[in-house]
Each structure stands twice: as C-alpha cells, then as structure tokens.
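Take a look at the structure set out below.
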Amino acid sequence: MLPFASFRSLLGIRDFRRYYLGQTMSVFGDSLTPLAIAFAVLELTGSPGALGLVVLSSRLPMILLSLLGGAVGDRVSRRQVMLITDCVRFLSQGVTAALLLTGHASIWAIAVLQLVAGAGSAFFNPAAQGLVASLVPKDKLTEANSLLGISRSTGQILALGLSGALVATAGSGWSILIDAFTFAVSAYFLFRLPRTLAAERLERRKGLLGSVGQGLAAVRTRGWLCVWILHVSLANMIVISPTVVLGPFIADKFLGGAPSWSAIGICYAIGGLAGGIVSARVKPRRPLVAAALWFFAMAPFPALLALHGWVPLIAAAGLAAGLQQSVYAVLQTTTLQQNVPGELIARASSVSMLGSLIGAPVGMALAGPAAVQFGARSVLVFATVTVVVISTAALLIPAAWRLVVSRPEEQPTSEDAAEAKVEA
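Per the working numbering, the sequence shown starts with residue 1, numbered consecutively.
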C-alpha cells in the first residue's frame, strides 16, 4: 500500500509542513548549483585545476567544521542556527550570481564565496537532523525522512534539466541566483517556526570543545553507530565515488557518450524517487541489518559498467542503486534520530556526516590514478567486490544484530502502563 495517507497526515502538522516547504525549495536550488558552478569556472578559466579548487573550497569547510557544527546544533536553538546559516548562504550565492551576471567574477572570488556557503552547510545539516526529530512524533520519523527524500530526488530530476537549459541560454549566474532565492524561502519558513522549538533540551553545561567530545563519546559507546559510519565511509570511498568518476569515462569510450550516461543518471534519480516511497513502508526490527542487505543492490551497477554492458541493463542497475541509496539513507537517519537522545542528535549526526564526507573526496581523488595504474575495469570490479565484502562484514558483527527497534504497536500505551502500576 502506498504511504500517501501517512504523508498527508504529516503535512497536516503545521510546523513540519513549514519546514518541509522551505527545504523542498532549498534542495531544488542546491541541485541547480553544481552544474552552474562547473560551467562558470570552465568559462572563466578553461582549467580543470581551477574547477577542482572551487569544488574543494565548497567541500573542505563541511569536513573541517562538521563536528563543530554538530556541537553548536546541540547548544543553541536549532531553528536559530539554521536560520542564520540560510541567510549566510543566501548572501554568498547571491553575490556569486551578481558577480557572474555583471561580468566581474574571478576564480578566487567564486572559491571564497563557495567556501562560505560550505561553512554554512556544515552548521545547517547537523542541526536539521535534530530539528526534524523535534517536529514529528518518533513513530512518524520514517515517513518524515522518506518525504524529505522524495523531495530531494524530485528536485534533482527537475534541476538537472532546468540548470542545463539556463546555463546554455541565459548563463550560469541565473541558476545560482535561483539557488540564492531558495535559501531566502527556506529562511522565511524557518522564521515562522516557534522560537522555543527544541531549545529547552539543548546541552549547555560544557564548553564547545567539551560538547564535541560528548558527541564523539555518544558515537563511540554505540557500537551499531560505529559500524554504520564505517560502512558508509567505505561505501562512499571504494564503491560510490569510483563509480561516479569512472562512469562517464566508460560511457564516453564504450557506451555511446553523454546521452547514454545521462539516461543512466536519470534512471538513478528515478530509483531514488521510488526509494523515497518504498522507505516509508520499510520499518525493520533490525535496521542496520536491513541497510546492509539493501546495499547488496548496489553491486550490479559497477559490475555492469566494468563489463561495458547493454545500456538499458546498466540503466536498470542504476535504478536499483538509486532505490537502495534512498532506503539506506532513510534507515540510517531515522535510526539515529530514534536511538540517540535528543540533546545529542546534532553531534552524533555530525560525526556520521563527517565519515561520509571524508570518504567521498578521497575516493574521487584516488579513482583516476587507480584507473590509470590498474585500468577502469579493475577498479569497478574491486568496487563490486567491496559491496559484498563490507555488507557481509557488517552482518557478521554482533552490534548490528543487537540494535532492535520496537514497532509502534509493541510500545506500551498509557492504559497498559496504568494496569502495570495497579498490578505492582
């Protein structure tokens, strides 16, 4: 049964509806920017090295400041943190767009402005995990994260076409200007949330560095979370990043070029959209075990690329990979929100995000040299084998099986509690 009734019920919660509308717009804007920035830099310099510098400038703050962002998100009103960072990103992307549209942009100006935007994301993302857990009941978190995932996938599909059209006709600056506008929309909806939301439970007893230490301890003492973070890091480094880097190369050399890779990418995005719908109904008792099993669906994608397979078959594998990615992400996010105390969610989320953030750029940096040394096919075969190895390893670790989530119908009601008290 499709979960649309659950989604309608969630959108009936006023504060979640406001947050959802703001984030839907913001995610759409974010999906416009990578293509626009890439072509803007290449138009200015024609240098892949300059493009690498700008990409690094947007990613580096999220790696360096992620833990600090999590600590702040557990010390200050999450609504306030997110509101300020949306305003910062509105300004950074707005100035970037203005420089491009007026012809005054330079590579260093773009790099610095994207550095500022990346710093804003480092503080926004951990706080958002905690805020969502405050907006909806615990037994509705799966549906809430699924609905947000559907918006993310839909935004990516729509943005791919619009950004390409804008860059080809009006110029990159217009795509980035739309992104700036969406941050303003997100800030407006956050401003309309109650000022006291989630603030009363935030941790303020320790200093900022002490708060970071508490977040690391919260992860370290939860074996299941350590296993999950390691699994995500290795998956990003050895499986997903090499596939993203080498996929276009394989498509260009053996599969008919950009149209083939574009079709595969669209199928991956459609799979992500379908995964958002499926994940609303996936509520396993052992979520880490379920996530590891779902990850096996990633294996055919790099395997068929390595074999230079039939494009429709690779596209189908891409659809399965996108579906599992969405389900996996919802399982991870929801499980963390349900099993970590509210005052630690932002910090635990920041550690989890840091693991994935470090794995992705390392994998991207190593994929090219590894392909030169061993061949693209060998790298993709290794990625396929890694899917099986790390997921099997996760299933063999007792901590993965010890994490058991009670179903809502199994949780005691107030009447049950009263009866138990009388019997006692």
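Just so you know, even glycine gets a beta-carbon here, dropped at the ideal spot from N, CA and C.
> Does the segment 379 to 399 come close enough to the segment 277 to 287 that 3 or more CB-CB pairs lie under 8 Å?
Replying inline: Contact annotation: the segment 277 to 287 does not touch the segment 379 to 399, with fewer than three C-beta pairs closer than 8 Å.
>> Taking the alpha carbon of Asp139 as the reference point, which residue from Ile358, Ala376, Trp401 and Asn339 has its own alpha carbon closest?
In response: Ranking the options by Cα distance to Asp139, first place goes to Asn339.
>> In whole angstroms, give me the CA-to-CA distance for Leu209 and Ser9.
In response: Going from the Cα of Leu209 to the Cα of Ser9 covers about 40 Å.
> Expressed to the nearest angstrom, what Euclidean distance is found between the alpha-carbon atoms of Gln93 and Pro398?
Replying inline: Taking the straight line joining both Cα atoms gives about 46 Å.
> Rounded to a whole number of angstroms, what is the C-alpha to C-alpha distance between Val27 and Leu83?
Replying inline: Straight-line Cα distance between these residues: approximately 15 Å.
> Asp139 lies in the alpha helix (DSSP H); which residues open and close that run?
Replying inline: Counting along the chain, Asp139 falls outside any alpha helix (DSSP H), and DSSP gives it neither H nor E.
> Residue ranges of each alpha helix (DSSP H) run of no fewer than 4 residues wholly in the segment 110 to 137, ordered along the chain?
Replying inline: Counting whole runs of 4 or more residues, the segment 110 to 137 contains no alpha helix (DSSP H) stretch at all.
> Along the chain, where does the alpha helix (DSSP H) that runs through His231 open and close?
Replying inline: Element bounds for His231: Gly223 to Leu234.
> Got a sec, what are the start and stop residues for the alpha helix (DSSP H) Val405 sits in?
Replying inline: Premise fails: Val405 is in no alpha helix (DSSP H) and is neither H nor E.
> If you compare alpha carbons, which of Leu313, Leu53 and Val76 is closest to Pro126?
Replying inline: Considering only alpha carbons, the answer is Val76.
> What's the gap between the Cα of Leu131 and the Cα of Tyr19?
Replying inline: Leu131 and Tyr19: Cα-Cα distance of roughly 9 Å.
> Hey, Thr24 and Ser151: beta-carbon distance below 8 Å or not?
Replying inline: Going by C-beta atoms, Thr24 is nearer than 8 Å to Ser151.
> So, using beta-carbon positions, are Gly363 and Pro284 closer together than 8 Å?
Replying inline: Against a cut-off of 8 Å, the Cβ pair of Pro284 and Gly363 comes out as no contact.
> Would the beta-carbon of Arg89 fall within 8 Å of that of Ala117?
Replying inline: Yes, these two residues count as a Cβ contact at 8 Å.
>> Tell me which residue opens and which closes the alpha helix (DSSP H) that Ala448 is part of.
In response: Because the chain is modelled from 1 through 424, residue 448 falls outside the range shown and cannot be assessed.
>> Judging by CA-CA distance, which residue of Val136, Glu143, Pro341 and Val41 is the nearest neighbour of Leu99?
In response: That would be Val41, whose Cα lies nearest to the Cα of Leu99.
>> Cutting at 7 Å between CB atoms, please list the residues of its own chain near Ala109, excluding the five before and the five after it.
In response: Correct list, in chain order: Leu99.
> What is the residue span of the alpha helix (DSSP H) that Lys253 lies within?
Replying inline: Taken as a continuous stretch (DSSP letters only), the alpha helix (DSSP H) holding Lys253 covers Ser241 to Phe254.
> Within 10 angstroms of its Cβ, does Asp252 collect 16 or more other Cβ (buried), or is it exposed?
Replying inline: With fewer than 16 other Cβ atoms from the protein chains shown falling within 10 Å of its own Cβ, Asp252 counts as exposed.
> Just checking my contact of Val239 with Ala383 at CB under 8 Å: how many whole Å lie between their CB atoms?
Replying inline: Yes, they are in contact, since the Cβ atoms of Val239 and Ala383 sit about 5 Å apart, within 8 Å.
>> Which residue marks the beginning of the alpha helix (DSSP H) containing Pro194, and which one marks its end?
In response: Unbroken run through Pro194: none, as it is neither H nor E.
> In this structure, does DSSP put Ile397 in helix, strand or coil?
Replying inline: DSSP places Ile397 in the coil class of the three-state scheme, outside both helix and strand.
>> Checking 8 Å against the spacing of the C-beta atoms, do Gly275 and Gln325 come in under that value?
In response: For Gly275 and Gln325, yes; Cβs fall inside 8 Å.
> Under the three-state reduction of DSSP, which class applies to Leu323: helix, strand or coil?
Replying inline: In this structure, Leu323 counts as helix in the three-state DSSP scheme.
> Given a threshold of 16 other Cβ atoms within 10 Å of its Cβ, counted over all protein chains shown, does Ala217 qualify as buried or as exposed?
Replying inline: Ala217 comes out exposed.
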